[in-house]
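Written out below as structure tokens is the structure these notes cover.
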Amino acid sequence: MTDPTVHGASSSGKAAASAPVGKLKAVRWVGILAIVAGALMIVTGGVVWGVVSSQLRAEEITVSDDAAFLAGSQVAGPFTAYAQAEVINKHALAMTDGKTYAQLDQDDPKRAVVMNGSFLRTSLFTSVVSFGVAAFAIGAGLIIGLIGWALTVVADRRRSAAS
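Its first residue numbered 0, the sequence shown is counted upward by one per residue in numbering that gives the first Met the number 0.
Structure representation (structure tokens):
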């Protein structure tokens, strides 16, 4: 006669748990930590998005009327910041006959204006990147939180099946 536990059944006829209870506890704790980490990432991403957006709004910048898109909108998000950065570049190139700051002569009076435009564009692009990082943190936090939730569900089901 063969031992029934070798084939996955215990002497009581119930299926043997595939993982010891201690390992299931560890999986559950990892799941809980992932849920907490995911929630922190979502909150942090949301706070960063809100701070950058409120700082842009405080500057009271309006996308220029000759922008390719979102003309007349207040700069407060990634798309309006990008639109305004592009129109600043368009204006700078128009006043210098297509030359960039680096291509202008050292004594060109337009050089200072183009330099300021370049600084403004860089600041706006930095805010666009900040929005992207915040969105990434929110998305990654959501995925990590869902993985954590799945781990806790699996651990709980395996644990209840083992008892």
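Glycine included, C-beta positions come from ideal geometry on N, C-alpha and C.
- 40 is the residue among 23, 40, 53 whose C-alpha sits nearest the C-alpha of residue 139.
- In the three-state reduction of the DSSP assignment, residue 105 falls in the coil class, being assigned neither a helical nor a strand state.
- Taken through DSSP and simplified to helix, strand or coil, residue 43 comes out as helix.
- By the CB criterion at 7 Å, residue 36 and residue 52 fall outside the cutoff.
- Per the coordinates, the alpha-carbon of residue 129 lies some 16 Å from the alpha-carbon of residue 83.
- Contact annotation: residue 125 and residue 109 have beta-carbon atoms that are not nearer than 7 Å.
- Contact holds between the region 17–36 and the region 148–156, because three or more Cβ pairs, one in each stretch, are under 8 Å apart.
- Here residue 136 is near residue 43, since their CB atoms are less than 7 Å apart.
- In this structure residue 100 does not touch residue 86 by the C-beta definition: roughly 17 Å separates them, more than the 8 Å allowed.
- Take residue 72, set aside five residues on each side of it, and the residues of its chain with a beta-carbon closer than 8 Å to its own are 61, 62, 79, 82, in chain order.
- For residue 73, no alpha helix (DSSP H) encloses it, and the DSSP letter there is neither H nor E.
- Between residue 33 and residue 146, the gap from beta carbon to beta carbon is short of 7 Å.
- Under the DSSP definition of a beta bridge, residue 61 partners with 73.
- Rounded to the nearest angstrom, the Cβ distance from residue 93 to residue 116 is 11 Å, too far for a contact under 8 Å.
- A residue is called buried once 16 or more other Cβ atoms fall within 10 Å of its Cβ, and residue 77 is buried on that count.
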